[in-house]
Amino acid sequence: MQAIVASAETGLTWTEVPDVSPADGELLIKVTSAGINRADLLQAAGKYPPPPGASDILGLEVSGTVAAVGPGVTGWTVDQPVCALLAGGGYAEYVAVPAGQVLPVPDSVSLHEAAGLPEVACTVWSNVVMTAGLTAGQLLLVHGGGSGIGTHAVQVGRALGARVAVTAGSANKLDLCAELGAEVLINYHDDDFVERVSAEGGADVILDIIGAAYLDRNIDALAADGRVVIIGMQGGVKGELNIGKLLAKRAGVIATALRARPVTGRGSKSEIVAAVRDNVWPMVQSGQVRPIIGAEFGVEQAGAAHELLQSGEVSGKVLLRVSD
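Residues 150 to 473, numbered by the numbering used here, are exactly what the sequence shown covers, in order.
This is how it looks when you write it as structure tokens:
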């Protein structure tokens, strides 16, 4: 089969690699499209190795059709349209994935677009709801509101009946967030998000991709009993935490990662995927939540796709079309 291979010398190259086959409990998926995530950019740069036992091919989510059903797997059929959350291997013609990490493609979404759902859906639901407990009437602050995760979080927050505030760096991205239901729009170049969110009573949940650079200010922006969930480190890995502020607000700071979670068991990828299927998929099916696709590239243009995502100029997800 063919796949994208990353090297310092040649960049991202579509080339021949060994075939894959499904092991016990796995499905083999013929890939239609792959979603691009910032973790892929880091891995391609040699800064984010895959977890032990995972494929060293880039790609954390795909859509496609079931090509083969491995031993011990029930409930799936060959040629069924699916999308999947991966630990790696998505930039390829075929990928083997544990059945518990596979989702049916909702009728409301095209097979290509479905590649932009698994990673954002699992990230947002596991952090905003399963971890931080967002409920109707609360205020959710999403940093990077124009990103793939951000645009999904805005829609899920609104579908849950929460109010949503976002930060973004351009008027176009803020306009998109407003279209998706965000009420408090903050251009981080011009506005202080702490002041804007505090004026709304503080955020009950903050979904943060920045990390250290926003740590102290995130605490200031929280409401009493609020939670900051850190899922990225674009603003650094080390920050100073004023525990007194946490005590005064009875607040919490939580950091999570999705890729290295176990396949099964408590807190596993399979558990999260099942929760997404039960809770988010009905939102997608009804049209309350949809994938926001900012750009699509042929898989041979993976390098250009990475450059676009790295630039920060795209809103929503960037997809690679592997086949038609």
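All C-beta atoms in this analysis are idealised placements derived from N, C-alpha and C, irrespective of residue type, glycine included.
Best match in K418, A361 and E165 for proximity to N391 [C-alpha to C-alpha]: For the purposes of this step, residue 391 is taken as residue 242 along the sequence shown, with counting starting at 1. For the residues K418, A361 and E165, the minimum Cα distance to N391 belongs to A361.
Residue ranges of each beta strand (DSSP E) within the stretch 179-243, 3 or longer: Correct list: 210-218 and 230-234.
Tell me which residue opens and which closes the alpha helix (DSSP H) that H301 is part of. As a working mapping, residue 301 is identified with position 152 in the sequence shown. Membership of H301 in the alpha helix (DSSP H) is indicated by the continuous run G297 to A308.
So for T272, helix, strand or coil by DSSP? Looking up residue 272 in the sequence shown gives position 123. Assigned with DSSP and collapsed to three states, T272 falls in helix.
Between which residues of its own chain and M432 is the CB-CB distance below 6 Å, once the five residues before and five after are set aside? Against the sequence shown, residue 432 aligns to sequence position 283. So the qualifying residues of the chain are A308 and V438.
Nearest candidate by alpha-carbon position, reference P201, set G299, V227, P411 and G221: As a first step, residue 201 must be located in the sequence shown, where it is residue number 52. For P201, the closest alpha carbon among the candidates G299, V227, P411 and G221 is that of P411.
Could you have a look at L407 and say whether DSSP puts it in helix, strand or coil? Along the sequence shown, one-based indexing puts residue 407 at 258. Residue state, collapsed to three classes: coil.
Under the DSSP definition of a beta bridge, which residues are partnered with E445? The sequence position of residue 445 within the sequence shown is 296, counting from 1. Beta-bridge pairing links E445 to L468.
Taking 8 Å as the threshold, find out whether the stretch 286-299 comes into contact with the stretch 316-331 through three or more Cβ pairs. The stretch 286-299 vs the stretch 316-331: in contact.
Taking the beta carbon of I441 as the centre, do at least 16 other beta carbons fall within 10 Å, making it buried, or is it exposed? On the sequence shown, residue 441 is found 292 positions in, with the first residue counted as 1. Classification for I441: buried.
How long is the line joining the alpha carbons of G282 and G388, rounded to whole angstroms? Residue mapping note: residue 282 aligns to position 133 of the sequence shown, counting from 1. Residue mapping note: residue 388 aligns to position 239 of the sequence shown, counting from 1. Approximately 25 Å between the Cα atoms of the pair.
Classification of Q250 by the beta-carbon crowding that lies within 10 angstroms, buried from 16 upward: The residue labelled residue 250 in the question sits at position 101 within the sequence shown. By the neighbour-count criterion, in which 16 or more other beta carbons inside 10 Å mark a residue as buried, Q250 falls on the buried side.
Quick check: the Cα distance between G208 and A183, rounded to an integer number of angstroms? Reading the sequence shown from its first residue, position 59 is the one you call residue 208. Reading the sequence shown from its first residue, position 34 is the one you call residue 183. Each residue's Cα considered, the two are about 7 Å apart.
Quick one: is A264 buried, meaning 16 or more other Cβ sit within 10 Å of its Cβ, or exposed? Here residue 264 corresponds to residue number 115 of the sequence shown, with the count starting at 1. Counting the other CB atoms within 10 Å of its CB gives A264 a total of 16 or more, which places it among the buried residues.
Determine the DSSP secondary structure at D105, reduced to helix, strand or coil. There is simply no residue 105 to check, as the chain begins at 150 and stops at 473 in what is shown.
So the candidates are A302, A317 and S212; which of them puts its Cα closest to the Cα of A311? In the sequence shown, counting from the first residue as 1, residue 311 sits at position 162. Taking only the C-alpha atoms, the option nearest A311 is A302.
Beta-carbon proximity of A236 to L177, cut-off 9 Å: Taking the first residue of the sequence shown as 1, we reach residue 236 at position 87. Taking the first residue of the sequence shown as 1, we reach residue 177 at position 28. Contact: no.
Would you grab the beta carbon distance between Q459 and L190 for me? Rounded to a whole angstrom, and I think it's under 8 Å. Translated into positions along the sequence shown, residue 459 becomes position 310. Translated into positions along the sequence shown, residue 190 becomes position 41. Their Cβ separation, rounded to whole angstroms, is 6 Å, which keeps Q459 and L190 in contact under 8 Å.
Nearest by alpha-carbon distance to I368: which of R399, S275 and D228 is it? Locating residue 368 in the sequence shown gives position 219, where the first residue counts as 1. Measuring from the Cα of I368, the nearest candidate turns out to be R399.
L288 and L356: beta carbons closer than 9 Å? Counted from its first residue, the sequence shown places residue 288 at position 139. Counted from its first residue, the sequence shown places residue 356 at position 207. No; because the gap between Cβ atoms is not below 9 Å, this pair is not in contact.
DSSP three-state label for E158, please. Looking up residue 158 in the sequence shown gives position 9. Residue state, collapsed to three classes: coil.
To the nearest angstrom, how far is the alpha carbon of V343 from that of E328? By 1-based counting over the sequence shown, the position of residue 343 is 194. By 1-based counting over the sequence shown, the position of residue 328 is 179. The alpha-carbon atoms of V343 and E328 are separated by roughly 23 Å.
Excluding the 5 residues flanking T405 on each side, which residues of the same chain have their C-beta closer than 8 Å to its C-beta? For the purposes of this step, residue 405 is taken as residue 256 along the sequence shown, with counting starting at 1. Closer than 8 Å at the Cβ level, and outside the excluded window around T405, lie S275, N276, T280, V378, I379 and I380.
Can you give the Cα-Cα distance for G174 and R426, rounded to whole angstroms? Taking the sequence shown and counting its residues from 1, the one referred to as residue 174 is at position 25. Taking the sequence shown and counting its residues from 1, the one referred to as residue 426 is at position 277. Rounded to whole angstroms, G174 and R426 show a C-alpha spacing of 19 Å.
Alpha carbon to alpha carbon, how far is A203 from V169? Counting from 1 along the sequence shown, the entry for residue 203 is found at position 54. Counting from 1 along the sequence shown, the entry for residue 169 is found at position 20. When rounded, the distance between both Cα atoms is 12 Å.
Apart from the five residues just before and just after A217, which ones in its own chain have a Cβ nearer than 8 Å to its Cβ? As a working mapping, residue 217 is identified with position 68 in the sequence shown. Excluding sequence neighbours, A217 sits near S170, P171, L176, L177 and V227.
Use the C-beta contact count for P247: other C-beta atoms within 10 angstroms, 16 or more gives buried, fewer gives exposed. Here residue 247 refers to the residue found at position 98 of the sequence shown. When all chains shown are included, P247 counts as buried.
Please classify R376: does DSSP put it in a helix, a strand, or coil? For the purposes of this step, residue 376 is identified with residue 227 of the sequence shown, where counting begins at 1. Per DSSP, reduced to three states, the secondary structure at R376 is strand.
Report the option in D341, V313, H338 and I359 whose CA atom is closest to the CA atom of D353. Sequence index remark: in the sequence shown, residue 353 carries index 204 (1-based). Comparing alpha-carbon positions, the option among D341, V313, H338 and I359 lying closest to D353 turns out to be V313.
Euclidean distance between Cα positions of G213 and G239: As a first step, residue 213 must be located in the sequence shown, where it is residue number 64. As a first step, residue 239 must be located in the sequence shown, where it is residue number 90. The alpha-carbon atoms of G213 and G239 are separated by roughly 11 Å.
Would you mind working out which of D205, V467, D256 and Q304 sits nearest P230, comparing C-alpha positions? The residue given as residue 230 occupies position 81 in the sequence shown. Closest by alpha carbon: D256.
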